[in-house]
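Per my numbering, the very first residue in the sequence shown carries number 4; after that it's consecutive.
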Amino acid sequence: MNDKGLGILIIVFSIIFMVGYFIWAFAPLIGLSQWITKDISEWAFKLPVVIAIYAVLILILWIGYTMATTPPPIPLEKPLEIEREKASGIKEKRDKET
């Protein structure tokens, strides 16, 4: 499937989902109460809110976990000392080879 076909498929599914969600959310107001009751229709508003809140909380949880498990960074002085030692070690090897 090429990109254009995939794009059209996404558009079609989005339109179907939008119509379905509208019917689910506003069924009592548009006269579809025999299929979708008011209690079920309320979930059209509650469910996305719960999903959004959980998404934010999972993101915060992931940030906290990453901060808690990541080792602290090496201070800037130590990498410079290590680079100097490596550089002096390379220089000493060159001096010994010549």
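Yeah, the Cβ is synthetic: ideal placement off N, Cα and C, and Gly gets one too.
From this set, the options, which residue's C-alpha is nearest residue i's C-alpha?
{"i": "serine 44", "options": "Leu32, Leu60 and Lys7", "result": "Leu32"}
{"i": "tyrosine 24", "options": "Ala47, Lys7 and Leu62", "result": "Ala47"}
{"i": "alanine 28", "options": "Ser17, Lys41, Phe16 and Gln37", "result": "Lys41"}
Using the beta-carbon count (16 or more within 10 Å), is residue i buried or exposed?
{"i": "alanine 30", "result": "buried"}
Quick test of your reading: residue i and residue j, contact by CB under 8 Å. State the CB separation rounded to the nearest angstrom.
{"i": "leucine 35", "j": "isoleucine 26", "result": "7 Å"}
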